[in-house]
Every structure is written in structure tokens, then in C-alpha cells.
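Undergrad: Before we start, here is the structure in question, set down as C-alpha cells.
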Amino acid sequence: MAAVQLFKTPDLDRELFYLDPSLPRGLRRDLIALVEASKHGGNVLEYPPRQGYVLTDMTSASGLALFREKDSPDGGRYVLHYQWAQLCVRSATKLPPTLRRPPLFLKHLRPLRIYVHAGSLGHAAAEKLSARIHRHGGQCLDNHHRADVAIIGLGREADRASELLKDSVPTITTSDWVARCIGKGEIIVQDRDEVAADATLAAQTRLLREAVQQIVGGPRRPRNCRNGFSAEELRHFLMFLVDNVGSEYGLCGNRLYQPNSNFTWFGQLHWGRRHTWMSWRERYVKHQQEWTPLIADELEKRLALMAAEKRPVFVESMALRMNMLRAQNGNGQEPELFEAVDDVLSNHGSLHQHRSPSLAASSRNVGHRGRHADPEEEEEEEEEEEEEEEEEEEEEEEEEEEEEEEELAPPDGDAEFL
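When you number the sequence shown by UniProt numbering, it's gap-free, plus one each residue, and the end is 418.
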């Protein structure tokens, strides 16, 4: 029944058509048969109708002239590329009358069926994108069941849509695909390597989100009870913690998180605005055991990627900062973090002692994994240092006595005279 009503108005009146006389005779004959077929119900006139459709070749001079003179969408008359009628028949639906150029989005001479996911794109952006697809010969569907291509946006909603559509739609892509196809003048098909790379990236992103989500721990609370931390926020927070490992306040200190500190001074930390500074501090303090290995791994990665000539300077600077922080308050509230950082620095601290006094000092005071040396050994070292100081004092006294004797001794000539 829908096919019978293809070129009929809602009142079941026949739609009126006018064909550009400059079209080839064979094409005009085929279009008349197509439009006026009993199952389509249109009517071709010898003059342009007041309301209806004017079919022409929009790439010709006569087509452009007809468009300038006769096109009046507000009045109900549309000047269209002649393939619009053919595409309507092949898709078994009346497409929006916006085809002003040869169609681009085709598959086997029919309109490419495209599903635009409004949930991830936003309704306004989805409507704008659908209109652009229609202007280039595509057909936008209300659901994904018969779609050749699905277009999704970005974010969590897009991730859920991708999981839902991956088994039912042959191609899933983003909104920039439409612009790239139009710019190139052909449908761009991703090769298998690109598709595999996209799938791998999506899988890695999901794994990262799951790993970071474990930091939160415990059952999830309803959204209206608590403003949860997103995986993206936690990833940024990990980078923040690594950047401030040697901070004079320590990672547990209030001043590292308080207003007028890092979260408001640096524009790249806009990710921290959804939560108070107290929430961020608690996120670290209450889950130090989970954060410590992540911090150590990220610090290890940074050192591995760092240029060889810069790595010793970074290790030296970090060791100095950690030693100063340890001298101020010992290991404080973060003993496991200190041990983990010491391990990372020791793996990359292959410097001679005369070039790295801070590491030499730390090697005397800090043992494996950051433990302090044996108290008995420290006493022996102190006694040895005291003995060395006494010996140096005795040597200095002897030298002073010798100098005094030399000053009091008579000259050689006086000795002979006596």
C-alpha cells in the first residue's frame, strides 16, 4: 500500500511533475513511465506546476537556469536532480526533496541506508547531519535494523551504542566520515587494518576504564546520592599524582589540593572541577595502596621514555626532593610510596657517587625498598668519624709545634759564631 502512495499527497491527489525538455529523449521517456506508473501514481505535465517537482540535470546550464527561476520550497515547488525520482522508487519511500546534485551516497544504485545515532551526537547535530546526507542522495533511517552504516558521536553514550550496533551494522563510524566523503567525492571505506586498530583502541580504553574503576572500590551508589569519579578524571588524577610525587607538601598534604593551588592555577586541570579539593585528597588518602603501584608504573614509563642525557638529571633532582621530604617528616603517612619511588630511582640511578652526592647519601641512609640502616652500623660509622676527626686534630697540633720551633731556631751564621 505504501508503494501506491509514493507520488501521492496525503489527500491521495497525484503529485505533479515537470521534466526539463533538455534532458535526453530516452531519459525523459523512462522518467515519465516511472513517475506515472500505476503503482507510483504521479502525473507529468507539459509546464512547470505551481506546486510539485521539476526534474532536471543540475550539472547542466539549463538545469541551473531552471533552479534559479522555478525553485520555490516555501511555495511548494522544488527543482531537483532527476535521479531523485529514481532513488525514491528504489528505496520505496519518498525522500526529502533536497537533492540538488548527482547523488553520492549510493549502494547498488539505491540510496545508502544510514542510521544517525542521535543519543550520542545530540538531536540538533543529528538533524543537521541527516539533512546533509539527504542532500547528497543518502537515506537516513529511524533505526539500525536495515542500516548499511551507523554514525555515532563520542563519549560514554557512543561506547554503549558501538557495543549495541557492532553485530548488526556492517560499518560504524563517526560524524566526520560524511564530510570526508563529500570532500573526496566518493564513499570512503576503511580498510581492515584501520578497523582493527579502532577495535584495539576501544578495547584498550575499556580495559583502562575497568582498571581505574577498581580504585574506587565498593558497590556503586545511586547517581543522585554521590557524584562519582569518571575513568577520564581518574586517569588525569594519576598524572597529577606522578607530577607531584616530590612535592614539599606530600601527596597527603592539604595544601596540594586546596583552592589557589594546582587545581585552579593550571588550565589543563579543568578535569578536577566536578569535585571539591577534599574529595580529591580523600580519593588518594583512602586508596593509597591502589594508587602506589600505578604511580610507580607511570614514573617508570616516564623514565624509560626520557632522553638518556636528561634521565640522570631527573633522577638526581627526584632523589634530592625525596630525601628532603624524608628529612622533614620521615616516611610520614606514605611509607609504601617512598619505598616504591626509591625502587624506581635505584633502577635508573646508575651514576658515579662523585656525580651524584644525593644518591650516595641516600644509599648510606636508605636500604632496600627504603628501609633505614641498622642502628648498630650507624653507631660504628659515627665512632669511626670521631676517630678520624681526633687524628686530624693531632696532626694539626704537631704541624703547629714544628712551625714554632722553626721560628725560634737561630740562623746558620749565628750558630757558627757561637
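Backbone N, C-alpha and C fix where the C-beta goes; we use that ideal spot for every residue, glycine too.
None of the values given here were measured: they were computed from a predicted structure.
Tell whether a beta-carbon distance below 8 Å holds between Pro-111 and Gln-139.
TA: Yes. Within cutoff.
Undergrad: By the three-class DSSP mapping on this structure, what secondary structure does Tyr-284 have?
TA: helix
Undergrad: Tell me where the beta strand (DSSP E) around Arg-77 begins and ends.
TA: 77–81
Undergrad: What are the start and end residues of the beta strand (DSSP E) that includes Phe-17?
TA: Unbroken beta strand (DSSP E) run through Phe-17: 16–19.
Undergrad: Does the stretch 64–81 come into contact with the stretch 108–124, if we say contact requires no fewer than three beta-carbon pairs (one atom in each stretch) closer than 8 Å?
TA: no
Undergrad: Our contact map puts Thr-98 next to Arg-50 with C-beta atoms below 8 Å; I'd like the distance itself, whole angstroms only.
TA: About 20 Å; that fails the 8 Å criterion.
Undergrad: So, is Gly-63 buried or exposed, given that buried needs 16 or more other C-beta atoms within 10 angstroms?
TA: buried
Undergrad: Alpha carbon to alpha carbon, what distance is there between Glu-334 and Ser-317?
TA: For Ser-317 and Glu-334, the distance between alpha carbons rounds to 20 Å.
Undergrad: Going by the DSSP bridge assignment, what does Leu-55 pair with across the sheet?
TA: DSSP lists Leu-19, Leu-80 as partners of Leu-55.
Undergrad: DSSP state of Ala-304, grouped into three classes?
TA: helix
Undergrad: Does the Cβ-Cβ distance between Val-35 and Phe-67 come in under 8 Å?
TA: no
Undergrad: From Met-324 to Ala-126, what does the alpha carbon distance come to, in whole angstroms?
TA: 57 Å
Undergrad: Taking the C-alpha atoms as reference points, what is the distance between Gly-137 and Met-239?
TA: 47 Å
Undergrad: Between which two residues does the beta strand (DSSP E) containing Cys-181 stretch?
TA: Taken as a continuous stretch (DSSP letters only), Cys-181 belongs to no beta strand (DSSP E), being part of the alpha helix (DSSP H) at 176–184.
Undergrad: Under a three-way DSSP split, which group does Leu-6 fall into?
TA: coil
Undergrad: What separation, rounded to the nearest whole angstrom, lies between the Cα atoms of Leu-241 and Glu-298?
TA: C-alpha separation (whole angstroms): 10 Å.
Undergrad: Judging by CA-CA distance, which residue of Arg-28, Ala-61, Pro-96 is the nearest neighbour of Gly-52?
TA: Pro-96
Undergrad: Write down the C-beta distance between Val-149 and Thr-173 rounded to the nearest angstrom, noting that I regard them as a contact closer than 8 Å.
TA: 7 Å
Undergrad: Expressed to the nearest angstrom, what Euclidean distance is found between the alpha-carbon atoms of Ile-295 and Gln-288?
TA: Inter-residue distance for Ile-295 and Gln-288 is about 10 Å (C-alpha atoms, whole angstroms).
Undergrad: On the CB-based measure, 16 or more other CB atoms within 10 Å of its CB, does Gly-122 come out buried or exposed?
TA: Gly-122 is exposed by the Cβ-count criterion.
Undergrad: So, with DSSP's three-state summary, where would you put Ala-124?
TA: helix
Undergrad: With DSSP run on the structure shown, which of helix, strand or coil describes Glu-398?
TA: helix
Undergrad: Which of helix, strand or coil does DSSP assign to Lys-39?
TA: coil
Undergrad: Rounded to whole angstroms, what's the CA-CA distance from Phe-338 to Glu-309? Just pull it up for me.
TA: In this structure, the CA atom of Phe-338 is about 25 Å from the CA atom of Glu-309.
Undergrad: In angstroms, rounded to a whole number, what distance separates the CA positions of Ser-72 and Glu-233?
TA: 52 Å
Undergrad: Considering only residues of the same chain and omitting the five flanking positions on each side of Leu-129, which have a CB-CB separation below 8 Å?
TA: Val-116, Leu-121, Ile-151, Ser-175, Val-178
Undergrad: For Arg-274, does the count of other Cβ atoms within 10 angstroms reach 16, so buried, or fall short, so exposed?
TA: exposed
Undergrad: What are the uninterrupted segments assigned as alpha helix (DSSP H) that are 4 or more residues long and contained completely in the stretch 83–154, given in chain order?
TA: 83–91, 118–121, 123–135
Undergrad: In angstroms, rounded to a whole number, what distance separates the CA positions of Leu-27 and Pro-10?
TA: 28 Å
Undergrad: Can you tell me the Cα-Cα spacing of Ala-37 and Ala-61, whole angstroms?
TA: Distance between the alpha carbons of Ala-37 and Ala-61 is about 29 Å.
Undergrad: Quick check: the Cα distance between Gln-353 and Lys-286, rounded to an integer number of angstroms?
TA: With a pLDDT of only 36 at Gln-353, under 50, the local geometry of the prediction cannot be trusted, and the value read off the model is given with reservation. Computed Cα separation, rounded: 38 Å.
Undergrad: With DSSP as the reference, label Val-245 as helix, strand or coil.
TA: coil
Undergrad: Drop a sphere of 10 angstroms on the beta-carbon of Gln-328, count the other beta-carbons inside from all chains shown, and report buried for 16 or more, exposed for fewer.
TA: exposed
Undergrad: Looking only at its own chain, which residues have a Cβ that is under 7 Å from the Cβ of Pro-170, when we skip the five neighbours before and after it?
TA: Asp-148
Undergrad: Can Thr-59 and Asp-20 be called in contact, C-beta distance under 8 Å?
TA: no
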